[in-house]
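Chemist: Residue numbering for the sequence shown is 5 to 233, as defined by the numbering used here. Every residue, glycine too, gets a C-beta built ideally from N, C-alpha and C. Fair warning: this is a prediction, and the values are worked out from it, not measured in the lab.
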Amino acid sequence: MNEKGDLVYYSLALSYGFRLSMMMHSRRQGPLPGYISLHRQGILAQRIEEAISLLEWCHLCPRACGAHRLRNQPGFCGAGRWAKVASANLHWGEEPPLVGEGGSGTIFFSHCSLRCCFCQNYPLSHLGNGRMMDAAGLARVMLGLQERGAINLNLVTASHYLPQILEALPLAIEGGLRLPLVHNCGGYESEESLRLLEGIVDIYLPDAKYGEVRWARLYSQAPDYVEVN
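1. What are the boundary residues of the alpha helix (DSSP H) that includes A212?
2. Who are the near neighbours of T161 in its chain, counting only those whose CB is closer than 6 Å to its CB and skipping five residues on each side?
3. Is R67 helix, strand or coil by DSSP?
4. Report the rounded CA-to-CA distance for H72 versus L58, giving the unit in angstroms.
5. Assuming R44 is part of the alpha helix (DSSP H), what are its boundary residues?
6. Please confirm whether S224 and C120 have their CB atoms less than 7 Å apart.
7. Is DSSP giving E95 helix, strand or coil here?
8. Leaving out five residues before and five after G190 in sequence, what residues of the same chain have Cβ atoms less than 6 Å from its Cβ?
9. Would you report the Cα separation of A226 and L173, rounded to the nearest angstrom?
10. Below 7 Å between beta carbons: does that hold for H187 and Y214?
11. Take the Cβ of E171 as the centre, count every other Cβ of all protein chains shown within 10 Å, and call the residue buried at 16 or more, exposed below.
12. For the structure I just gave you, are there three or more beta carbon pairs, one from the region 71-89 and one from the region 124-141, closer than 8 Å?
13. Distance, Cα to Cα, L11 vs I169?
14. Candidates E54, R67, W61: which alpha carbon is nearest R221's?
15. Which residue wins for smallest C-alpha separation from S108, given the options A140, G153, S129, G70?
16. Look at the alpha carbon of A176 and the alpha carbon of I40, and state the distance between them as a whole number of angstroms.
17. In angstroms with no decimal places, state the Cα-to-Cα distance between L159 and L185.
18. Look at the alpha carbon of H43 and the alpha carbon of R218, and state the distance between them as a whole number of angstroms.
19. According to DSSP, is R32 part of a helix, a strand, or is it coil?
20. When you compare only the Cα positions, how much space is there between E202 and E196?
21. Taking a contact to mean a Cβ-Cβ separation below 7 Å, would you say C62 touches S163 in this structure?
22. Reducing DSSP to helix, strand and coil, say where H187 ends up.
23. Quick check on DSSP: helix, strand or coil for R152?
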């Protein structure tokens, strides 16, 4: 676009109340994330329904603990019906490709389906420190990170909140969300959950914590971790 065209673009952005920085950032990203196409096709809405159904007698993760999370009964992970967020900030300590120039828009979720005794985020994963959020609140967090210049949304330990994250996505999309999603997890996922994320998540960043069953059982209370991972 030439100088005159940029000026017109700038004027239009102001007239419609958009943040210029947000729009220019979106232009730099290139292709839109897959979840936007799925939203337009109505597929995302179907995925949301499927994901929420997993919360009834919960079998979202490989533990399949059977908690009725739709009635806010906590599962083995400690989570109930609503997402709980411990923090949301630009993170500069991730792998360089995830940080880029703007930082990784990292959302740390509370609780976890693993019980790693060595967890560096113990107050979050074990004690559940954080703040409850509905879909609208989580969407605002996502959009806030984009406005601050994040180059992606880095969802840390979010496996047990997959339905809640998917619920928030349409609201965030309508608000202008255009960032790729990073699924930053402990590597303890069910096949059903991963299928629901197909075409929605752009980058998978799983752990591979163990190579032997005995250590997974002892340190994370997950004897099936090696097989699942």
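Modeler: Taking the structure as given:
1. A212 -> no alpha helix (DSSP H), and no H or E assigned at all.
2. Sequence-distant partners of T161 (beyond 5 residues in either direction) whose C-beta falls short of 6 Å from its own C-beta, in its chain, are F113, C116.
3. Here R67 sits in coil by DSSP.
4. A straight line joining the alpha-carbon of H72 with that of L58 spans about 9 Å.
5. R44 -> alpha helix (DSSP H) spans 38-45.
6. Yes, Cβ-Cβ distance for S224 and C120 is below 7 Å.
7. In the sequence as presented, Glu is not what sits at residue 95; that position holds His. H95: strand per DSSP, three-state reduction.
8. Counting only Cβ-Cβ distances below 6 Å, and skipping sequence neighbours, we find L118, D211.
9. Distance from the CA of A226 to the CA of L173, rounded to the nearest whole angstrom, comes to 30 Å.
10. No, they are not a contact pair.
11. Buried, since its Cβ has 16 or more Cβ neighbours within 10 Å.
12. Output reads yes: the region 124-141 touches the region 71-89.
13. Residue placement at L11 is poorly supported in this model, since its pLDDT is 39, which falls under 50; the coordinates still yield a value, given next. Distance between the alpha carbons of L11 and I169: 37 Å.
14. Ranking E54, R67, W61 by Cα distance to R221 puts R67 first.
15. Cα-wise, what sits closest to S108 is G153.
16. Cα-Cα distance, rounded: 10 Å.
17. The alpha-carbon atoms of L159 and L185 are separated by roughly 7 Å.
18. CA-CA distance, H43 to R218, rounds to 43 Å.
19. In this predicted model, R32 has a pLDDT of only 48, less than 50, meaning its place in the structure is not dependable; the value taken from the coordinates is given anyway. Assignment of R32 by DSSP, reduced to helix, strand and coil, places it in the helix class.
20. For E202 and E196, the distance between alpha carbons rounds to 10 Å.
21. The beta carbons of C62 and S163 sit no closer together than 7 Å.
22. When DSSP states are grouped into helix, strand and coil, H187 belongs to the strand group.
23. The answer is coil: DSSP assigns R152 none of H, G, I, E or B.
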